[in-house]
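Participant: Would you mind keeping the following structure in view while I ask a few things?
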Amino acid sequence: ELKVEQNPLFLSMQEGKNYTIYCNYSTTSDRLYWYRQDPGKSLESLFVLLSNGAVKQEGRLMASLDTKARLSTLHITAAVHDLSATYFCAVATYTGANSKLTFGKGITLSVRP
Amino acid sequence: KAGVTQTPRYLIKTRGQQVTLSCSPISGHRSVSWYQQTPGQGLQFLFEYFSETQRNKGNFPGRFSGRQFSNSRSEMNVSTLELGDSALYLCASSYDSTGELFFGEGSRLTVL
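Protein chains in written order, with our numbering: chain A, 19 to 131; chain B, 101 to 212.
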């Protein structure tokens with residue numbers, strides 16, 4: 019059974035500083051997603067990483083995927099309050115043409131002044 | 101372009117009742133997936149429908165069922181509700197089974 023682990027589960031960040039959060043998974047996959055969830059809201063798609071070595075950047079967030087290490091990282095540059103939210107990674111697995119996403123538990127980021 | 105629409109957004113039921121939740125996917129999307137989100141278990145896959153056929157199913161009891169209509173709209177049903185079924189139920193659509201998922205706002209179910 020696929021396991022997706024995110025760490026840390028909670029991170030208090032100081033405004034203006036850089037941070038990295040991690041997503042490890044236990045089985046082969048070359049498709050990984052990052053989502054953001056604000057309290058009481060749905061999931062907002064941030065990144066889709068489709069191959070080994072994929073790197074995507076949007077604003078202060080940069081995500082990368084290492085399929086050999088089964089690891090994705092989400093790097094935060096110069097944290098700002100607006101980035102406070104819970105971030106989920108999700109790994110796609112396939113059975114024939116069928117796919118499903120297995121989510122990590124999420125990392126709650128809180129940016130303090 | 102309209103996003104994924106879920107109804108109702110909030111509902112309260114009592115144990116033993118049943119509930120039906122509805123999901124309208126993004127226009128042109130043929131795959132609809134359902135996920136349950138709880139504080140304890142996180143996000144768990146329920147099932148996926150594609151062209152009216154259930155193509156994948158998560159590890160949930162038979163009380164959880166769903167269907168998809170010819171217009172790709174989907175419903176999920178939970179019968180004989182239990183307290184533990186209280187959760188946010190999220191629907192996601194994609195163009196096909198391997199495409200990026202777009203989530204709706206969710207239906208928050210409370211079972212008393």
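From the three backbone atoms N, C-alpha and C, an ideal C-beta is built for every residue, glycine too. Given the structure is predicted, the values throughout are model-derived calculations rather than measurements.
Contact defined as beta carbons within less than 8 Å: I believe Gln154 (chain B) pairs with Gln144 (chain B). What is the distance between those atoms, to the nearest angstrom?
Facilitator: No, Gln154 (chain B) and Gln144 (chain B) are not in contact; Cβ-Cβ is about 16 Å, not under 8 Å.
Participant: With a CB to CB cut of under 8 Å and the five nearest residues on each side skipped, what residues in its chain are close to Ser102 (chain A)?
Facilitator: So the qualifying residues of the chain are Leu127, Ser128 and Val129.
Participant: Skipping 5 residues on each side, what residues in its chain have a beta carbon closer than 6 Å to that of Thr104 (chain A)?
Facilitator: Closer than 6 Å at the Cβ level, and outside the excluded window around Thr104 (chain A), lie Gln55, Gly124 and Thr126.
Participant: For Gly184 (chain B), which of helix, strand or coil comes out of DSSP?
Facilitator: It is helical.
Participant: Within 10 angstroms of its Cβ, does Leu100 (chain A) collect 16 or more other Cβ (buried), or is it exposed?
Facilitator: Looking at the sequence provided, one finds Asp at residue 100 (chain A) rather than Leu. Answer is exposed; the Cβ neighbour count stays below 16.
Participant: What residues match up with Tyr149 (chain B) in a beta bridge as DSSP calls it?
Facilitator: Bridge partners of Tyr149 (chain B): B:Val132 and B:Gln154.
Participant: If we define contact as Cβ-Cβ less than 8 Å, is Glu148 (chain B) a contact residue for chain A?
Facilitator: With 8 Å as the cut-off, Glu148 (chain B) counts as an interface residue toward chain A.
Participant: For Ser117 (chain A) versus Ala108 (chain A), is the C-beta spacing smaller than 8 Å?
Facilitator: Not a contact, by the Cβ cut-off of 8 Å.
Participant: Taking the beta strand (DSSP E) that Arg130 (chain A) falls in, what are its first and last residues?
Facilitator: Note, Arg130 (chain A): beta strand (DSSP E), Ile125 to Arg130.
Participant: Should Asn36 (chain A) be listed as close to the ligand ATP, given that the test is whether its C-beta is under 7 Å from any heavy atom?
Facilitator: Absence of the ligand ATP is noted for the structure shown, with no ligands found whatsoever.
Participant: Let me know if Glu33 (chain A) comes out buried or exposed under the rule of 16 or more other beta-carbons within 10 Å of its beta-carbon.
Facilitator: By the neighbour-count rule (16 or more Cβ atoms within 10 Å), Glu33 (chain A) is not buried but exposed.
Participant: What separation, rounded to the nearest whole angstrom, lies between the Cα atoms of Ile126 (chain B) and Asn42 (chain A)?
Facilitator: Ile126 (chain B) and Asn42 (chain A): Cα-Cα distance of roughly 31 Å.
Participant: According to a CB-to-CB cut-off of less than 9 Å, which residues of the segment 99-125 of chain A neighbour chain B?
Facilitator: Of all residues in the segment 99-125 of chain A, Phe106, Ala108, Ala110, Tyr112, Thr113, Gly114, Ala115, Asn116, Ser117, Lys118, Leu119, Thr120, Phe121, Gly122, Lys123 and Gly124 have a Cβ within less than 9 Å of some Cβ in chain B.
Participant: Determine the burial state of Val73 (chain A): buried for a count of at least 16 other Cβ atoms within 10 Å of its Cβ, exposed for fewer.
Facilitator: Label assigned to Val73 (chain A): exposed.
Participant: Just to make sure I have the definition right: I need the residues of chain A whose C-beta is within less than 8 Å of the C-beta of Glu205 (chain B). Which are they?
Facilitator: The contacting residues are Lys59 and Ser60.
Participant: For Asn156 (chain B), count neighbouring C-beta atoms within 10 Å of its own C-beta (all shown protein chains included) and say buried if the count is 16 or more, exposed if not.
Facilitator: Buried, since its Cβ has 16 or more Cβ neighbours within 10 Å.
Participant: Can you list, in chain order, the residues of its chain whose CB lies under 7 Å from that of Gly116 (chain B), leaving out five sequence neighbours each side?
Facilitator: Closer than 7 Å at Cβ, skipping near neighbours: Thr180 and Leu181.
Participant: Roughly how many whole angstroms lie between the Cα atoms of Gln141 (chain B) and Gly158 (chain B)?
Facilitator: Taking the straight line from one Cα to the other gives about 13 Å.
Participant: Within the continuous beta strand (DSSP E) that includes Ser122 (chain B), where are the two ends?
Facilitator: Counting along the chain, the beta strand (DSSP E) containing Ser122 (chain B) begins and ends at Val119 to Ser124.
Participant: Can you list, in chain order, the residues of its chain whose CB lies under 6 Å from that of Ser122 (chain B), leaving out five sequence neighbours each side?
Facilitator: Cβ within range, chain order: Thr107 and Glu175.
Participant: Our contact map puts Phe106 (chain A) next to Tyr53 (chain A) with C-beta atoms below 8 Å; I'd like the distance itself, whole angstroms only.
Facilitator: Going by Cβ atoms, the distance from Phe106 (chain A) to Tyr53 (chain A) rounds to 5 Å, so yes, they are a contact pair.
Participant: Whole angstroms are fine: how far does the CA of Gly162 (chain B) sit from the CA of Ile11 (chain A)?
Facilitator: Here chain A has residues from 19 to 131 only, and residue 11 (chain A) is not among them.
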